[in-house]
Amino acid sequence: MASINEQYFDQYAASNEMWERSRKAIVGGITHDGRHIKPFPPYMAKADGAYKWSIEGHKLIDFCVGHGSLIFGHNDPDLTAAMVNQVPRGTHHSAGHEAEVRWAEAINKIVPSAELTRFTGSGTESTLLAMRIARGATGKNGILKFEGHFHGWQDYALKGEKPPFEKTTVNGVPSESLTTVAVLPSNELAMLEERLVQGDIAAVIMEPSGGSWTSIPLIEEFLQGVRDLTTKYDALLIFDEVITGFRWAPGGAQERFGVTPDMTTMAKIVAGGMPGGAVSGRADVMNVVAFSDDPAVQAKKVPHMGTYNANPLAAAAGTKAVEKCADPAVQAYCDNIAAQIRAGFNEILVRHDIPGFAWGESSVFHIAFGSRITNMTSGDLTRPQGVTPEFLKSSGGTKLGMKSEIGMLLEGVHLFHGGGLTCTRHTDEDVANTLTAFETVVKRMNDEGDFAGM
Ligand SMILES: Cc1ncc(COP(=O)(O)O)c(C=O)c1O
Numbered sequence: 158m159a160s161i162n163e164q165y166f167d168q169y170a171a172s173n174e175m176w177e178r179s180r181k182a183i184v185g186g187i188t189h190d191g192r193h194i195k196p197f198p199p200y201m202a203k204a205d206g207a208y209k210w211s212i213e214g215h216k217l218i219d220f221c222v223g224h225g226s227l228i229f230g231h232n233d234p235d236l237t238a239a240m241v242n243q244v245p246r247g248t249h250h251s252a253g254h255e256a257e258v259r260w261a262e263a264i265n266k267i268v269p270s271a272e273l274t275r276f277t278g279s280g281t282e283s284t285l286l287a288m289r290i291a292r293g294a295t296g297k298n299g300i301l302k303f304e305g306h307f308h309g310w311q312d313y314a315l316k317g318e319k320p321p322f323e324k325t326t327v328n329g330v331p332s333e334s335l336t337t338v339a340v341l342p343s344n345e346l347a348m349l350e351e352r353l354v355q356g357d358i359a360a361v362i363m364e365p366s367g368g369s370w371t372s373i374p375l376i377e378e379f380l381q382g383v384r385d386l387t388t389k390y391d392a393l394l395i396f397d398e399v400i401t402g403f404r405w406a407p408g409g410a411q412e413r414f415g416v417t418p419d420m421t422t423m424a425k426i427v428a429g430g431m432p433g434g435a436v437s438g439r440a441d442v443m444n445v446v447a448f449s450d451d452p453a454v455q456a457k458k459v460p461h462m463g464t465y466n467a468n469p470l471a472a473a474a475g476t477k478a479v480e481k482c483a484d485p486a487v488q489a490y491c492d493n494i495a496a497q498i499r500a501g502f503n504e505i506l507v508r509h510d511i512p513g514f515a516w517g518e519s520s521v522f523h524i525a526f527g528s529r530i531t532n533m534t535s536g537d538l539t540r541p542q543g544v545t546p547e548f549l550k551s552s553g554g555t556k557l558g559m560k561s562e563i564g565m566l567l568e569g570v571h572l573f574h575g576g577g578l579t580c581t582r583h584t585d586e587d588v589a590n591t592l593t594a595f596e597t598v599v600k601r602m603n604d605e606g607d608f609a610g611m
């Protein structure tokens with residue numbers, strides 16, 4: 158029988174050809190570092206509901222769901238209707254429009270920290286704007302972030318994002334910018350206090366799920382602890398809810414965990430899967446962006462522009478998505494699908510004695526191969542123990558992670574960074590098919606000797 162890799166070359170031959178063609182036109186052949194996979198990435202022709210079809214015609218259960226942005230699946234009829242309705246009315250008015258006002262009202266209504274909102278073009282722009290607002294509002298330069306937490310690709314976001322976390326340089330980013338960013342391990346409140354006491358931190362930014370959508374889970378008391386310490390030392394707290402927003406609960410992780418930050422960064426679901434993002438927060442903080450008739454206040458205005466901010470198409474899709482997410486049944490449904498997948502994967506890994514585990518919370522799941530944890534279970538798992546944060550963070554990009562992703566493509570499943578996010582269109586049948594696919598793949602990897610000696 159052909160190996161997983163041989164079969165992939167055979168069944169995804171058109172993707173391989175497209176990849177060769179792409180590399181001659183697009184630098185690196187891909188348009189997002191996160192889509193790097195060996196031996197080559199799959200190319201998609203179309204998508205609908207919970208499924209995508211590759212250019213070879215393979216039907217795939219999609220656990221990427223628009224990098225997490227499509228909580229209602231592909232081509233949700235309500236979101237599509239909102240956009241179709243908008244197109245003939247214009248896609249850019251170079252002026253304010255009612256849709257952007259309704260969009261902000263919808264966000265402010267359900268996100269606990271949102272008193273005022275400003276729109277951006279992406280999640281990266283949202284974290285950049287939030288950091289600038291924090292610096293402008295406090296008059297301080299320092300940003301404190303946590304190891305492995307992802308806040309997009311802007312200059313201040315990349316330090317300590319990938320292992321080795323202690324690396325202090327990022328090629329292409331001036332070291333002068335990076336010296337304004339402090340990076341600490343998460344879950345260490347004493348270290349955080351020691352750093353905040355120095356008084357130069359404008360804001361602490363974090364994924365409230367733990368780094369990379371709960372790859373590196375937080376201990377239970379950490380979120381409240383960070384809230385208390387930032388208040389005590391007069392630093393602002395920014396929750397980056399680009400993934401968790403509207404997914405962990407209608408009001409995001411801040412609602413789910415009952416901890417309210419000063420500012421929240423959003424993208425993905427907030428824009429209904431269209432390019433767009435938002436920063437919301439306390440009115441007194443957000444107001445540094447507003448124009449003022451008072452010359453002294455105006456002199457301290459924080460600038461913010463952006464051709465595509467709140468463009469009417471994103472506003473139409475985003476408003477509909479946010480309004481639909483107000484029903485907690487949406488998140489409960491997606492959470493349940495993900496919990497079944499996490500538990501099902503672990504049951505299979507235990508039964509076949511494979512060195513690996515699946516974990517996560519809310520509507521996401523991660524899978525790691527090549528290590529054994531001390532709290533392995535045949536059921537659902539939120540906080541794996543006995544492995545390092547570096548191991549957890551890297552799991553999707555390892556040789557074994559990539560191979561399992563390739564193997565799953567052969568079985569009709571498209572994972573995301575070796576894990577996935579669920580949507581309201583995934584069914585119990587999709588779960589059952591995904592578990593069957595997973596069992597086939599890990600058995601094949603075992604037969605191919607991938608776990609030898611582990
Ligand atoms: C938590 C988090 N913040 C920021 C971003 C960056 O968003 P974008 O890709 O829209 O720039 C992402 C993207 O995945 C994210 O997961």
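Count the sequence shown with the numbering used here and you get residues 158 to 611, in order. We treat Cβ as the ideally placed atom computed from N, Cα and C, and that holds for glycine.
Alpha carbon of residue i to alpha carbon of residue j, nearest angstrom
i: D397; j: E568; result: 34 Å
i: P342; j: P365; result: 14 Å
i: P198; j: T531; result: 34 Å
i: K477; j: D233; result: 10 Å
i: D451; j: M462; result: 21 Å
i: P269; j: E377; result: 20 Å
i: G606; j: G191; result: 27 Å
i: N468; j: H249; result: 6 Å
i: S552; j: K203; result: 28 Å
i: M158; j: S520; result: 36 Å
i: T277; j: S283; result: 6 Å
i: R259; j: R601; result: 51 Å
i: A252; j: D167; result: 51 Å
i: T555; j: V244; result: 42 Å
Opening and closing residue of the beta strand (DSSP E) in which residue i lies
i: A483; result: That residue, A483, is in no beta strand (DSSP E); it is neither H nor E in DSSP.
Whole-Å CB distance - residue i paired with residue j, under 8 Å assumed
i: A291; j: L393; result: 5 Å
i: V383; j: G280; result: Not really, about 21 Å apart at Cβ, beyond 8 Å.
i: R404; j: I218; result: Their Cβ separation, rounded to whole angstroms, is 19 Å, which puts R404 and I218 out of contact at 8 Å.
i: D357; j: N298; result: 7 Å
i: Q488; j: A406; result: 6 Å
i: N312; j: S334; result: One point to set straight first is that residue 312 is Asp, not Asn, in the sequence displayed. 5 Å between Cβ atoms; contact.
i: G305; j: G368; result: 3 Å
Any non-hydrogen atom of ligand 2 closer than 8 Å to residue i Cβ
i: G280; result: With respect to small molecules bound, the structure shown includes ligand 1 and not ligand 2.
C-beta contact flag for residue i and residue j at 9 Å
i: A500; j: S535; result: yes
i: F414; j: Q381; result: yes
i: C482; j: I267; result: yes
i: M431; j: R275; result: no
i: K216; j: Y208; result: yes
i: M201; j: I212; result: yes
i: I505; j: G576; result: no
i: T498; j: T371; result: According to the sequence provided, residue 498 is Ile. The question's Thr does not apply to it. Going by C-beta atoms, I498 is not nearer than 9 Å to T371.
i: T295; j: A360; result: yes
i: V445; j: T422; result: no
i: K458; j: F448; result: yes
i: A495; j: L578; result: yes
i: T597; j: G564; result: yes
i: A473; j: A263; result: no
i: V241; j: K302; result: no
i: G438; j: A261; result: no
For residue i, the first and last residue of its enclosing alpha helix (DSSP H)
i: G382; result: F379 to K389
i: I358; result: Where I358 is concerned, there is no enclosing alpha helix (DSSP H), although the beta strand (DSSP E) it sits in stretches over I358 to M363.
i: F307; result: Careful: F307 lies outside any alpha helix (DSSP H) and carries neither H nor E.
i: F166; result: I161 to Q168
i: P452; result: P452 to Q455
i: M559; result: K556 to L567
i: V289; result: The amino acid at residue 289 is misidentified as Val; the sequence shows Arg. It spans G280 to T295 - the alpha helix (DSSP H) in which R289 sits, taken as one unbroken run.
i: K550; result: P546 to S551
i: R413; result: A410 to F414
i: L353; result: L346 to L353
Opposing strand residues paired with residue i [DSSP bridges]
i: A110; result: The chain is shown from 158 up to 611; residue 110 falls before or after that span and cannot be answered.
i: L592; result: Looking at the DSSP assignment, L592 forms no beta bridge with any residue, so it has no partner.
i: W260; result: DSSP lists no partner for W260.
i: D397; result: T422
i: Y208; result: D205 and I218
i: H231; result: G206
i: I524; result: A515
i: R275; result: V436
i: I373; result: G368
i: V442; result: Per DSSP, none; premise fails for V442.
i: V570; result: I218
i: G577; result: F522
Proximity test, Cβ basis, 9 Å: residue i and chain B
i: P407; result: Protein chain content of the structure displayed is limited to a single chain, and chain B is not contained in it.
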